[in-house]
Each structure stands twice: as structure tokens, then as C-alpha cells.
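So the sequences go chain by chain: Z and U. Residue numbers are given in numbering that gives the first Met the number 0: position 13 of the first sequence equals residue 12, and the series is strictly consecutive. Residue numbers are given in numbering that gives the first Met the number 0: position 278 of the second sequence equals residue 277, and the series is strictly consecutive. Heads up, the thing below is written out as C-alpha cells.
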Amino acid sequence: MKTSFVSNLSSQLTLQRAITQAQKELQQRTAEASGDGRHWDVGVVLGAKTSRSLNMHRDLDRLTSLLSTNSLTETRLGASQAALDLMAGSAENVMSKLTLFKDSPAADDRNKMKDELKNALQVFTGAANTTQSGEYVFAGVNSDVEPFKDYLAAGSPAKVAFDTAFNDFMTSNGFTNDGTATGTPDPSKITPEAMQDFLTDLEASFNDDDYWKANWSNASDETMVSRISTGEQVQSSTTVNTEGVRKFAFGAVVAYELLALDLGTDTRNATFDVAYNSIANSVTGVNGEKTKLGISQERIKKANDSLNAQKDILTTVIVSLERVDLTEVSAQVKTLESQLELAFTLTARMQSLSLLNYL
Amino acid sequence: MSLSDAMKIAQANFANTALQTAVVSKNMTNASNPNYSRREAVLVSTSYGATIATTQRVQNDALLKQNLVSISKSVGQDTLLTGLERMKTMLGGSAYELSPSTYLSELWNDLQTFADTPSDLSLAQSVITSATDVANSLNTISGSLQKLRSEADADIAASVSELNRLLSEFKTYNDQVKLATATGGDANDALDQRDKLLGQISSIIGVSTVVRANNDIALYTTNGTVLFETLPRTVTFEPTRSYTAGTVGKAVFIDGVEVPAGTGGNTSASGSLPALLQLRDDIAPRYQAQLDETARGLITLFQESGQPGLFTWMDGGTQATNVPGGLTTGLAAAIRVNPAVLSSQGGDPMKLRDGINANQNTGNEASFSVLLDGYLKGFDANMTFDPAAGIDESTTLLEFSTASVGWLEQQRSAATTARDDKAALLSRTQNALYSASAVSVDEELALLLDLEQSYKASAKLVAAIDEMMTALMNMTG
Chain Z
0 MKTSFVSNLS
10 SQLTLQRAIT
20 QAQKELQQRT
30 AEASGDGRHW
40 DVGVVLGAKT
50 SRSLNMHRDL
60 DRLTSLLSTN
70 SLTETRLGAS
80 QAALDLMAGS
90 AENVMSKLTL
100 FKDSPAADDR
110 NKMKDELKNA
120 LQVFTGAANT
130 TQSGEYVFAG
140 VNSDVEPFKD
150 YLAAGSPAKV
160 AFDTAFNDFM
170 TSNGFTNDGT
180 ATGTPDPSKI
190 TPEAMQDFLT
200 DLEASFNDDD
210 YWKANWSNAS
220 DETMVSRIST
230 GEQVQSSTTV
240 NTEGVRKFAF
250 GAVVAYELLA
260 LDLGTDTRNA
270 TFDVAYNSIA
280 NSVTGVNGEK
290 TKLGISQERI
300 KKANDSLNAQ
310 KDILTTVIVS
320 LERVDLTEVS
330 AQVKTLESQL
340 ELAFTLTARM
350 QSLSLLNYL
Chain U
0 MSLSDAMKIA
10 QANFANTALQ
20 TAVVSKNMTN
30 ASNPNYSRRE
40 AVLVSTSYGA
50 TIATTQRVQN
60 DALLKQNLVS
70 ISKSVGQDTL
80 LTGLERMKTM
90 LGGSAYELSP
100 STYLSELWND
110 LQTFADTPSD
120 LSLAQSVITS
130 ATDVANSLNT
140 ISGSLQKLRS
150 EADADIAASV
160 SELNRLLSEF
170 KTYNDQVKLA
180 TATGGDANDA
190 LDQRDKLLGQ
200 ISSIIGVSTV
210 VRANNDIALY
220 TTNGTVLFET
230 LPRTVTFEPT
240 RSYTAGTVGK
250 AVFIDGVEVP
260 AGTGGNTSAS
270 GSLPALLQLR
280 DDIAPRYQAQ
290 LDETARGLIT
300 LFQESGQPGL
310 FTWMDGGTQA
320 TNVPGGLTTG
330 LAAAIRVNPA
340 VLSSQGGDPM
350 KLRDGINANQ
360 NTGNEASFSV
370 LLDGYLKGFD
380 ANMTFDPAAG
390 IDESTTLLEF
400 STASVGWLEQ
410 QRSAATTARD
420 DKAALLSRTQ
430 NALYSASAVS
440 VDEELALLLD
450 LEQSYKASAK
460 LVAAIDEMMT
470 ALMNMTG
């Protein structure tokens, strides 16, 4: 009968397995400690929780991408704000020029004023057509077309429309050199009441969308909307279809075209008041748009704060889910090293512990 | 009793010692052979001293059976884990770089950036590129998965023919054992071979053994099918060469009874055969269903006026014009990015913004984002998925795709833990078996010393008898 209940095979296998196991683990622990500190095989450690880890990684990516699109939106809003400042500035400039030339009906002064108004209108048009990375910021969603048509350009539809309307008004009312519809128009004959009526009609047509879009604007009414956080969208642009722009255009055209004419004093004063008030109202309108965009800017700031906070939290959670405890790993490595040494020593000792060596 | 009797006894001892030394030396030669059981010459007293009656083979049936069970469990688990590891590799490294969920999340991010600046053609291009990545990833993984199934099928075919060969070999040695046992011959070498074959059979399919008259063994599979009884039973399998998602693999039959596949990550499979069946018929098709549902979710999410939009699919050889209403097997292999948005195929990426099937941007606005916002909302909305996928039935597409990775990792994690446990069990039972039945060289050496002493004593005895005989002769002489 067998008496020993131990065999060469079993004692060899035990040590062999101990050594391979320890070496395998040592390799994995070393990789964990020297690599990015994640588990050697995250999937095996997390199991079904892997999907949670992936979801969090995706959320983290989303937050990062929101932060980067937010910075784009902020740039657009910044450019819009700067342009609106310019527009408000040019409106104020027009007001001061109007005041300056109010009581100087001489032909020379009238022409000077017309030049000044021309400048202001050009500045305003330039600002309204501001672009930011290839997009017209005041065009609404129709962002690839210049939104504000240049009144001063040759053959501009706005000027044609105005000239036609004004000519019709003078001829049909008999404000001509001979008082008939076929005579040459004579602005000095316009009565204050008639002028008042004409301007009221003209202002109404500026507020009419069809007239406005046919002659002045290529912009769409729909403004750009940007998602700034997972649950919040804000208006991220304004358009030239807003009240402020229309009022400026009306006031500026009235002043530019009519105040340069040789009007009667009462008529001139009436025209002046309409133009001045309209420009003054346009400043309020433009500032209103500034406020709207300012609110969006503020929302983005808040959203960024919250996005950054969420990012920090997510990163912490991901780390605690996927990372190994480095202290623990280094302790494990030490234990494994000593286990291996022990196994090696034992193997050598067992080899020498054979009866063969004593015979 | 006489001096000549004493001489005969001493002579018998020479013969015994020689035989015993032969057994010891055979034991020592086989000290490193795991399939060898230690032998021992058994002495029986006779009127002329002692004689070697039999050479006994150390055998521990309980440990042997336990070892067979451990082998089949461990091999089954290993086979399953290898398959799962391969599926994990299809998804990339530790960050799952190649998984559909990763590409989906990129697509989502790109779409979001594009929706913020819908006039930018390059952003539209990048959305199309990530959409192509998603479709490619689904196509590739679906292809690899079916390749895995066809390889499993080929492995099954190889295992089946190997099993048939082992069973016929088993018959040879079983017959030798029966004959030797019945006639009182030496069955030990045949027994060693038969035990070795049992181990090999166990690694293919789990068996239980029943020992009958004359040490005849009958083999049953773990679920009770007869595998060997006097004669080997035929194991049949009809291989399928190539696999697509819809292909159903043929079953393996032992004596006309179907071999059941293993179940679960900590698999119930005993041996490689049930584990391969499990990979081919359960794990891979389930994962394919998840891919198919992901593909369907994509086509549904980006559908436009009831027709496939950004993502479409090939129905046979032609591009489909309908959105699949439910689980469509093989959809993951058929999903494509609509050629209408691929500039490489004459399409226009901007159609993603304006509408592919009908122009919805009637105002021709550059920053038209109604459709894009709709898609983004779709990403946040719950969809209904088929229960056959085995994961959440009502969730968002993005979460479904990560849950699919989670499902796979859950299986792999369970399989890895079980593999470690089963390997440890195998190592323990093997150790116990080797301790009981394998050879210890030290023990044999000690025995050899005994034999040497015994031989010397006999020689002394012969010399003494010789002296005594000589003295007697001289006296008479």
C-alpha cells in the first residue's frame, strides 16, 4: 500500500501554481500602479456597472462639449453686444447732429447735416451687418445672407420705395410748382399737417413686415437658439427686424432725405420732431435687445459654473469607480514579492531535499 | 524442514526482490507522468517463504470522479470565457474605443455642435463622419460576432470528431481491462490508459462513470445520456460553414439525444462542447440582438417623414425605404449611412439640416435647426426595445448601447470569477489525486534500500547454507 500520501507531482504542482499565480498578479498590480491607476481589467471588476461608468464618461464628454459650444455662443453674443453698442452710438450721434443743425435751415448747413447723417447711417449699416466666424449675427437663422440692406447703395430698394412714395405724395397733393399733379415737386409748399400724415403713413409701412423685408431686411424673424446646458436653451442672437432698428431706419431716412430739403419752417419743425423722436426711441429699442442678450450671457455664465461643478463631481465619481487604491496596490505588490521569493526559496530547498542526495 | 528448504526460500526471495525492484524502477520512471498510478508488488506467504501474488495499482475512485467533474467544469468555463474575451476585444481596449456606444456618444456630441451652428458645412461633415463610424462599428462587430459563431461551429465539429475517436479508443482499453480482469491478468497499463482517456473525454463533455462486473465502465453524460456502454454511442453533428445573424446552428446529438447548451456567465456547461454551444446559440445571438436593436433605434431616431433618414439599411440588395417596426435580425450588419448625405457618393451633407426625403427648410435658412433639435431631443427620449435583447426595454438609445456593454461585461466578470474558482477547484482535486496515486521518488528510494537489505540478507543466507552444506560434505567426505 501507498504510505506517504505525497508525491513528487503534487508537491511540484503546488509550488508551480503558487509561482505562476503570484507572477500573474504581480504583473497586473504593477501595471495598475505604474499606468493610469485604473483597474487592470475594469470590465471584470465593474461587471454590469460598466454601463454606469460608460454613461458617466459620456456625460462628462457632453459637459465638455457644452462648455466648448458655450464659449462659441459667448463669442457670438459678445460680437452682437459690440455691434449693438455701435448701433446705439450712431443713433446718439444722429441725435446730437440733429440738435446741432435744428435751427440752421440754410442750404449749406443742410448739406453738412446730410453728410453727417450719411456717415451715421453707414456706421449703423456696417454694425448691423457684423459677421462672426462667417455668420451674420443679426440675420436670425438666415445667417448666411447680409441682413441689413444698404440704403445708400446705388438702386437700393429702400431708397427707390421712399422716393416713389414721396413723389406720389407731393404730386397727388399738388405740392408742385404749378399746383397740378404733373408739375415739378416743390417741397417748400408742403404743409405741416400733410407732412405729418405722410410721415405717419411712412412709419406704418416701416412697421409692416412685407415692406420692411422687401426693402430693408434679409433677416429672418427667428433668432438663433443655443443649448447651453443639458436642460436649458437661450436666445443667442437678435435680428435687424426688431423695433429699434426699424425706428432708426425710419428716423434716419426722414432726416437724411427730408430735412435736407428746403421745407417751410413749421413743416421742417414737424419733420424734425418725428425724426428725432424716432431715433430717440430706437436707442431704447437697441438697448432693449442688448438687455435680452445680456440675460443670455448671464445664463451662460451660470450654466458654465454649474457645468464645471458637474464635471468635477462626475470626475470624482468615475475615479472612485474605476481607480485602484494605490496604497493598497503597493502593499499587495510587496506581499506578492515576498510570496514569490518564498516560493522560489522553497522550490530550491525542496530540490535539494531528496533522498538521492543522502545515498 | 531441511537445509534445501531454506535454500529454496532464499532463492524465492531473490525472485521476489527482482520483481519488486522492477516495480519500484517502473514507479520511479513514471514519477512525472500525471496519468500513471503507482504500483506495488503484493507479497503472499507460501510454504516456501513468500511469492508476488499481484501487482496492485493505487486507485482512488472518489478522487478520480471528483477530478473528472473538475476538469469538465473548468474546461467549460475556460471555453466560455475565451469567447467572451474575444467579444470584449471587438469593443476595443479598456476604454471600449471601438464599441457602438462610444461612436454613438461622439455622434451625439458632433450633432450638438452642428445644431449650434447649422450653417457650418464642416460641422455637418463631421456629423456624417461620426455617423459613418457608428454604422461601421455596428457592421464590423456584427461581422466579427458571426465569425465567432462560425468558428465555434467549427470547434464543435472538431470536438465531436475528437469525442468519437476517444470513445472508440476507450472501447479498446475498456475491453483489455475487462479481459485482463476476467482472466486474472495484469490490467494496470490498460487502466492507466483508460483513466487518461476519461480525462480527455471529460474536457469535451462532462461524464459520470458506472463501474460494473470485471471493472467494465459505462459512461453517461451529466444529463443522463448514454455515451458508452460496452460499445461507444455515436455523436453526430452537422456543421454549418458560414453564419449570418439569422443562421440557426445545428444541434449535437449523442445516440439521438440533443446535447444541451450551458447557461449563465458562471456557466452550467460541463466540458467544452456545451460551452461552445452556449457561445454559438445563446451569448452571441443575444449580443447580436442588442446590436440589431441599437441599429433599429438609430434608424428610428433619425427617421424623417416615415422613411429612413441619416441611417438607412440594406434590405437584401436594395436600400430599404421603411423604418423597421420591431427587432429585425441582422439589421446591425445592414445599417448604412444614407448615400444622400455622403459627399463621396454625390450626396449633400447639408441635407441632414434641411431634410433628406423632403426639404423642410423651405425658407432656405442657413441656421435652420428644427430637424437637428428634433434629433437631439430623440437622443434624450426613451425608446422601446425588444425583450429578446435581454436588457432594459424602455430606455434611451445611448443608455441602451452602454447597457449592452454592461451586459457583456457582466457575463465576462461572472465568467472570470467562476473561471478562477473552478481552476482552483481543479487544482485542489488534482493535487489530492496526485498525492494519493502518483509516485514519490523518496518513498521508492526508501523501498529500494529495503529491497537491497533484503537481497543482502538472502545472499548471506545462501552463503551460510552453502557453508553448512560444505561442512556437512566434508564430514561425510
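C-beta: ideal position from N, C-alpha, C; glycine also. Computed from a predicted model, the values in this text were never measured in an experiment.
>> Taking the straight line between their C-alpha atoms, what separation do you get for W39(Z) and L396(U)?
In response: Distance between the alpha carbons of W39(Z) and L396(U): 29 Å.
>> For F252(U), list the residues DSSP reports as bridge partners.
In response: DSSP lists T235(U) and E257(U) as partners of F252(U).
>> Would D441(U) pass as an interface residue toward chain Z - the criterion being a Cβ-Cβ separation below 8 Å?
In response: A Cβ of chain Z is located within less than 8 Å of the beta carbon of D441(U).
>> Is the separation between the beta-carbon of N7(Z) and that of V258(U) shorter than 8 Å?
In response: Here N7(Z) is not near V258(U), since their CB atoms are 8 Å or more apart.
> Using a Cβ cut-off of 8 Å, which residues of the stretch 23-47 of chain Z contact any Cβ in chain U, in chain order?
Replying inline: Using a CB distance below 8 Å, the part of the stretch 23-47 of chain Z facing chain U consists of R37, D40, V41, G42, V43, V44, L45, G46 and A47, ordered along the chain.
> Can you pull the DSSP bridge partners for L230(U)?
Replying inline: Beta-bridge annotation (DSSP): L230(U) is paired with E228(U).
> By Cβ distance, which residues of its chain are closer than 7 Å to V321(Z), with the 5 residues on each side in sequence left out?
Replying inline: Per the sequence shown, residue 321(Z) should be read as Glu rather than Val. Excluding positions up to five away in sequence, the list reads R37, H38, V41 and S52.
>> Taking the beta strand (DSSP E) that L218(U) belongs to, which residues open and close that run?
In response: Looking at the DSSP string, the run of the beta strand (DSSP E) that includes L218(U) is D215 to T220.
> Less than 7 Å between the CB of G36(Z) and some heavy atom of the ligand ATP, yes or no?
Replying inline: Ligands in the displayed structure: none, and consequently the ligand ATP is not present.
> For V209(U), which beta-bridge partners are listed by DSSP?
Replying inline: By DSSP's assignment, V209(U) forms a beta bridge with A217(U).
>> Counting only C-beta atoms, is T53(U) closer than 8 Å to chain Z at any point?
In response: Residue contact with chain Z for T53(U): absent (no Cβ-Cβ distance below 8 Å to any residue of chain Z).
>> Using a Cβ-Cβ cutoff of less than 6 Å, which residues in the same chain neighbour F249(Z) once the five nearest sequence positions on both sides are dropped?
In response: Excluding residues within five positions, the ones whose Cβ falls inside 6 Å are E202, F205 and S277.
>> Report the CB separation of A153(U) from P238(U) in whole angstroms; it is logged as a contact under 8 Å.
In response: That pair is a contact at about 7 Å.
>> Could you check whether the Cβ of P229(U) sits closer than 8 Å to any Cβ belonging to chain Z?
In response: Here the sequence assigns Thr to residue 229(U), which means Pro is not the residue at that position. Not a single C-beta of chain Z is nearer than 8 Å to the C-beta of T229(U).
> What are the residues of the stretch 113-132 of chain U that lie near chain Z, defined by any Cβ-Cβ distance shorter than 9 Å?
Replying inline: From the stretch 113-132 of chain U, only A114, D115, T116, P117, S118 and D119 have a Cβ closer than 9 Å to chain Z.
> Should L218(U) and L226(U) be called a contact, given that it needs their Cβ atoms to be closer than 8 Å?
Replying inline: Yes. Within cutoff.
> Hey, V133(U) and T49(Z) are a contact pair by Cβ (cut 8 Å); roughly how many whole angstroms apart?
Replying inline: Rounded, the Cβ-Cβ distance is 19 Å, inconsistent with contact.
>> So, with DSSP's three-state summary, where would you put Y135(Z)?
In response: In the three-state scheme derived from DSSP, where H, G and I count as helix and E and B as strand, Y135(Z) is classed as strand.
> Got a sec? Which residues, its chain only, sit under 8 Å from A435(U) by beta carbon, not counting five neighbours each side?
Replying inline: Only residues of its own chain outside the window of five on either side were considered, and among them V57, N59 and L62 have a CB closer than 8 Å to the CB of A435(U), listed in chain order.
> If L341(Z) sits next to L59(Z), beta carbons under 8 Å apart, how far is it from one beta carbon to the other, in whole angstroms?
Replying inline: Contact flag wrong, Cβ pair sits at about 44 Å.
>> I need the straight-line Cα distance from D188(U) to V22(U), nearest angstrom please.
In response: Taking the straight line joining both Cα atoms gives about 13 Å.
> Is F147(Z) close to chain U, meaning its C-beta is less than 8 Å from at least one C-beta of that chain?
Replying inline: Chain U contact via Cβ: absent.
>> I want to know whether the stretch 184-193 of chain Z touches the stretch 82-89 of chain U - three or more CB-CB distances under 8 Å.
In response: In short, these stretches do not touch, since the Cβ pair count stays below three.
> Can you name the residues of chain U whose CB is closer than 7 Å to the CB of L355(Z)?
Replying inline: Per Cβ cutoff of 7 Å: L444.
> My guess is that S141(U) and L290(U) are in contact by the Cβ rule of under 8 Å, so how many angstroms apart are they, rounded?
Replying inline: The C-beta distance from S141(U) to L290(U) rounds to 5 Å, short enough to meet the 8 Å contact threshold.
> Does the count of Cβ pairs from the stretch 281-290 of chain U and the stretch 90-98 of chain U closer than 8 Å reach three?
Replying inline: Touching, no.
> chain U beta carbons: is any one of them nearer than 8 Å to that of R245(Z)?
Replying inline: No Cβ of chain U is located within less than 8 Å of the beta carbon of R245(Z).
> Taking buried to mean at least 16 other C-beta atoms within 10 Å of its own C-beta, is V252(Z) buried or exposed?
Replying inline: Buried, because 16 or more other Cβ atoms sit within 10 Å of the Cβ of V252(Z).
>> So the candidates are L198(Z), F197(Z), F168(Z) and T199(Z); which of them puts its Cα closest to the Cα of P184(Z)?
In response: Of the candidates L198(Z), F197(Z), F168(Z) and T199(Z), F168(Z) places its Cα closest to the Cα of P184(Z).
> In terms of DSSP beta bridges, what is T383(U) paired with?
Replying inline: Note: T383(U) is bridge-paired with S393(U) in the DSSP secondary-structure output.
>> Assess contact between the stretch 367-374 of chain U and the stretch 321-330 of chain U, defined as three or more Cβ pairs (one per stretch) separated by less than 8 Å. Is contact present?
In response: The stretch 367-374 of chain U is not in contact with the stretch 321-330 of chain U.
>> Assuming the contact rule is C-beta atoms closer than 8 Å, L65(Z) and S295(Z) should be a hit. Round their C-beta distance to whole Å, please.
In response: Under the criterion of beta carbons closer than 8 Å, L65(Z) and S295(Z) do not qualify as touching, at roughly 15 Å.
> Taking Cβ-Cβ distances below 7 Å as the criterion, which residues of the stretch 230-244 of chain Z are in contact with chain U?
Replying inline: Result list empty, no residue passes.
> Could one say the Cβ of D209(Z) lies closer than 8 Å to chain U's Cβ atoms, at least one of them?
Replying inline: D209(Z) does not count as touching chain U.
> chain U partners of M223(Z), CB-CB under 7 Å?
Replying inline: Going along chain U in sequence order, the residues near M223(Z) (Cβ under 7 Å) are S366.
>> Please report the distance separating the alpha-carbon of Y275(Z) from that of V233(Z).
In response: Computed Cα separation, rounded: 34 Å.
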